[in-house]
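Take a look at the structure set out below.
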Amino acid sequence: MIANAQPQERIATAAEAPLIEARNVTRILPGIVPTTLVRNISLRIGGNEFIAITGPSGSGKSSLLYLLGLLDLPTSGEVLIRGRATHAMTEDERAHVRLSTLGFVFQFHFLLPEFSIVDNVMLPMRALGGRPEEDMRERAKVLLSSLGLADHLDKRPDQLSGGQRQRVAVARALANEPAVILADEPTGSLDSKSSEQVFDLLRHIVEDQGKTVVAVTHHLGFAERTDRRIELIDGTIVADRQIAKRA
Amino acid sequence: MNLVLDIAWTHVRTRVRQTGFAVAGVATGVGFSIMMAALMQGSQDDFTNRLVNTLPHITVSDERRVPPKQLAETMFEAAQFYGLAPEARRRGIKNPLATMAALEAWLPGNVAPSVKVQGIIRYANRDVGASVIGIDPAREAAVSELAKQMRGAPLAALFRATNAIVLGDRLAEKIGARIGANITVQTSEGARINAQVVGFFRSGLRQMDEGTAYVLAKTGQILAQQTGLINELRVRLKDPMASREIAQRIEGDTGYKSVSWQEAHEDLLSTFLIRNLIMYTVVGAILLVASFGTYNIISTITHEKARDIAILKSLGLREETVRTIFVVEALIIGAAGAAAGFVLGYLLCIALGAIEIRNPFVDMTRLPLTYAYWHYLVAGLAALFSSVAAGYLPARKAARLHPVDIIRGAT
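Note that the protein sequences, when read in sequence, are chains A and B. By my numbering, the letter at position 14 of the first sequence is numbered 14, and the numbering carries on one by one without gaps. By my numbering, the letter at position 231 of the second sequence is numbered 1231, and the numbering carries on one by one without gaps.
This is the structure in structure tokens:
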């Protein structure tokens, strides 16, 4: 009984801590004229949230997303993932956190052009390792099929439409069962029909899989239908609105 | 397949032409290195074999390295004497049979006695200086290949006539002597005999064929004007490469000057060293140039693949993994180049071996080539190593790439 106490306690704190927490994060690009991308932002992102980060161009929304996703390091302040401080981690440790807890979707699909889409989705799983390749392939197929790509499994990215590619990118982001999907303008380069599909997909991930999605977007129609909207101007949060939970 | 190998292989596979050229560069380097090594080693081995087969491995002569001192010099060390000539001794190896028996007891090889005299061979108004060596034909077979190098008659022909003589073929040509010719041999000791040419030999070493004649030991002693004289012991060892050490030991045991074939041809052997130095420099340069090609292709791939690298890193691949991908690509090019180079090198060797060449100094009709597995091993390893080194620099640069820089640039 006593032996069990400690792990339980640890799980408890991990559950209490927000998934991602930013504390007074500032990011300044060095240069002859230093540019402040993000200014003193504090933010808590919990489980099962659907968040849109909006703001005009150059307001620092993408930069904030990169900081939250550990792709970039803050000049001052810190980002915690599940209560773990990340600024003291080595580059490899941060890479492992990205691999296991975070999933990324960018404006451009960034799929490896030489690999079939199944192989592309398997990529993060293989990088993480720990299970047989056959299982990974099976999971990649299931993921892609659930996104309506069952007929294209062995095609290469350039044989698919923009919307299909973006769905593959979402599947890749989901590969390692991350707690959070960070999306940078996921519909930015898509037509309205494909945008709608990708939006529905992200909502589905939040509602049915209990994950958190943080999406940077300048697309108002997109932002209006999320649960929480964070608005940035000149690298500062000017509004952080929680919209009444849907029924 | 491993993820790293998979990506590396895909990158290389989808750039057939570029990688083809890089592989061809490495292959050319490896192939020509192998060819050069085979040629260099071949000519060296060929020459060494000729030396080793023709000459006794060790020649023990009745000379001393340092002229013996006069008795007075050894008695009164502090005093200095002027005008002293070195002590004159009776020529020849003392008690040659006992010395030979002592040597044969431990030597891994055979010993034969001989008498060596400097003389002038005269025929039809032509004079040629030559070393006249008196031998025992029965024992000579054990210490040199002379019996196999005979032309026109076997070595035993020396017994056919009184004062029979065997001439080097070039020597015979020079004076115009044929078998049966009666020539005159005159020595520095003042002896002068008429000898009958009974045969020729051809060793392949010009220096030997032009200036050596063989007679029976007895005839040699007459020419030296000293009965029972043996002034040279000729030694042939089972392992010719051990000659240097054994010559030293003989000299230590007997006090007589013992010259190994290596010492006798030190100047030639030292040119081999320089030749090898030149060869390895050239080979190294070829492989270096080939590695520039590898550097180029890996650099190009990393530039083209900057987006892929960014995405791999943003997904959470470690720097080391990304670096390994490109080093593995270089390794694939190096390995493919080495493999193709082995084939190229082998074919080049065969092609070179088919060329006929006439060399005025040594008789050979084909280029001597040595096929040694270590030539391939060394060239292959050098290719792999230089490829990895060439791939490492761009790989490191690529791995350090900041994903945000690329992703931001794309958006």
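Where a beta carbon is used, it is the ideal one built from N, C-alpha and C, also for glycine.
Going by DSSP, which residues form a beta bridge with B/Val1117? Partner residues in the beta bridge of B/Val1117, as assigned by DSSP, are B/Val1132.
When you compare the CB of B/Thr1411 with every CB in chain A, is at least one pair closer than 9 angstroms? The predicted model places B/Thr1411 with a pLDDT of 44, which falls under 50 and marks its position as unreliable, so this point remains unresolved.
CB-CB length for B/Arg1178 against B/Thr1184, believed under 8 angstroms: Not confirmed; about 16 angstroms, so no contact.
By the criterion of Cβ-Cβ separation under 9 angstroms, what are the contact partners of B/Pro1240 in chain A? Within chain A, no C-beta atom comes nearer than 9 angstroms to that of B/Pro1240; the closest sits roughly 59 angstroms away.
Residue from B/Lys1174, B/Arg1139, B/Ile1230 with nearest C-alpha to B/Asn1125: The option with the nearest alpha carbon to B/Asn1125 is B/Lys1174.
Using beta carbons (cut-off 9 angstroms, strictly below), is B/Arg1323 in contact with chain A? Closer than 9 angstroms: no.
So for A/Met89, helix, strand or coil by DSSP? Note: A/Met89 maps to coil in three-state DSSP.
I'd like to know whether the C-beta of A/Ala127 is nearer than 9 angstroms to at least one C-beta of chain B. Closer than 9 angstroms to the CB of A/Ala127 there is at least one CB belonging to chain B.
Would you check if the distance between the CB atom of B/Thr982 and the CB atom of B/Ala1022 is smaller than 9 angstroms? Look at the range of chain B in this structure, 1001 to 1411, and you will see that residue 982 of chain B is not part of it.
Let me confirm a value: B/Ser1386 is counted as buried when at least 16 other C-beta atoms fall within 10 Å, else exposed. Which label applies? Flag for B/Ser1386 reads buried.
Residues of chain B with CB closer than 8 angstroms to the CB of A/Ala95, please, in chain order. Correct list: Lys1313, Gly1316, Leu1317, Arg1318, Glu1319.
Provide the residue span of the beta strand (DSSP E) that contains A/Asp184, from first to last. DSSP places A/Asp184 inside the beta strand (DSSP E), whose first and last residues are 180-184.
Proximity test, Cβ basis, 9 angstroms: B/Arg1017 and chain A: For B/Arg1017, no Cβ of chain A is located within less than 9 angstroms of the residue's own Cβ.
Check the DSSP bridge columns for B/Gln1248 and list the partner residues they point to. Per DSSP, none; premise fails for B/Gln1248.
Name the two residues that bound the continuous beta strand (DSSP E) containing A/Glu231. Its beta strand (DSSP E) spans residues 228-233.
Would you kindly work out how many angstroms separate the C-alpha atoms of B/Arg1343 and B/Gly1025, rounded to a whole number? The question names Arg, yet the displayed sequence has Val at residue 1343 of chain B. A direct Cα-Cα distance of roughly 14 angstroms separates B/Val1343 from B/Gly1025.
Compute the Euclidean distance between the alpha carbons of A/Val214 and A/Val180, then round it to the nearest angstrom. Looking at the two C-alpha atoms, the distance is approximately 7 angstroms.
Which partner residues of B/Thr1059 appear in the DSSP bridge assignment? DSSP output for B/Thr1059 lists B/Arg1234, B/Val1259 as bridge partner(s).
Excluding the 5 residues flanking B/Arg1275 on each side, which residues of the same chain have their C-beta closer than 7 angstroms to its C-beta? If we look at B/Arg1275 and ignore the five residues flanking it on each side, its Cβ neighbours are Met1040.
Would you please verify whether the beta carbon of B/His1303 is less than 9 angstroms from any beta carbon of chain A? No, B/His1303 lies away from the interface with chain A (no Cβ there is under 9 angstroms from its Cβ).
What's the C-alpha gap between A/Asp234 and B/Ala1399? When the Cα atoms are used, A/Asp234 and B/Ala1399 turn out to be separated by approximately 32 angstroms.
Cβ closer than 9 angstroms: which chain B residues qualify as neighbours of A/Glu177? When 9 angstroms is used as the limit between beta carbons, A/Glu177 is near no residue of chain B, the shortest such separation being about 13 angstroms.
Can you grab the Cα-Cα spacing for the pair B/Ile1250 / B/Ala1141, in whole Å? Each residue's CA atom was taken as its position, placing B/Ile1250 and B/Ala1141 some 21 angstroms apart.
C-alpha distance - B/Thr1028 paired with B/Val1289, whole-angstrom precision: If you take the alpha carbons of B/Thr1028 and B/Val1289, they lie about 10 angstroms apart.
Going residue by residue through the region 6-89 of chain A, where are the continuous alpha helix (DSSP H) segments of at least 4 residues, counting only ones entirely within it? You should have 61-68.
DSSP beta-bridge partners for B/Val1166? DSSP lists B/Gly1199, B/Tyr1214 as partners of B/Val1166.
CA-CA distance, B/Gly1228 and B/Asp1046? CA-CA distance, B/Gly1228 to B/Asp1046, rounds to 38 angstroms.
Any 3 or more C-beta pairs closer than 8 angstroms across the region 1007-1019 of chain B and the region 221-234 of chain A: Counting Cβ pairs under 8 angstroms, fewer than three are found: no touch.
Between A/Ala239 and the rest of its own chain, which residues show a CB-CB distance below 8 angstroms, the 5 nearest in sequence each way excluded? For A/Ala239, same chain residues with a beta-carbon under 8 angstroms away, outside a window of 5 residues either side, are Arg229, Ile230, Glu231 in chain order.
With B/Gln1221 and B/Glu1189 assumed to form a contact (beta carbons below 8 angstroms), what rounded beta-carbon distance in angstroms separates them? With 8 angstroms as the limit, B/Gln1221 and B/Glu1189 do not qualify as a contact, their Cβ atoms being about 11 angstroms apart.
Taking the CB atoms as reference points, tell me whether B/Ala1408 and A/Ser57 lie closer together than 9 angstroms. First, the amino acid is wrong: residue 1408 of chain B is Arg here, not Ala. Taking 9 angstroms as the Cβ cut-off, B/Arg1408 and A/Ser57 do not qualify as a contacting pair.
Ignore the nearest five residues each way along the sequence and tell me which others in B/Leu1167's own chain have a CB closer than 7 angstroms to its CB. For B/Leu1167, the CB contacts under 7 angstroms within the same chain, skipping 5 residues up- and downstream, are Ala1177, Val1197, Phe1200, Ala1213 in chain order.
Cross-chain neighbours of B/Thr1010 in chain A, by beta carbon under 7 angstroms: Chain A residues near B/Thr1010: Glu114, Phe115.
When DSSP labels each residue in this structure, what does B/Ile1286 get in the three-state scheme? In the structure shown, B/Ile1286 sits in a helix (DSSP, three-state: H, G or I).
Under 7 angstroms Cβ-Cβ, which residues of chain A neighbour B/Val1404? Taking a Cβ-Cβ threshold of 7 angstroms, the residues of chain A close to B/Val1404 are Tyr66, Leu71, Asp72, in chain order.
Determine whether the beta carbon atoms of B/Leu1268 and B/Leu1051 lie at a separation below 9 angstroms. The answer is yes: Cβ separation under 9 angstroms.
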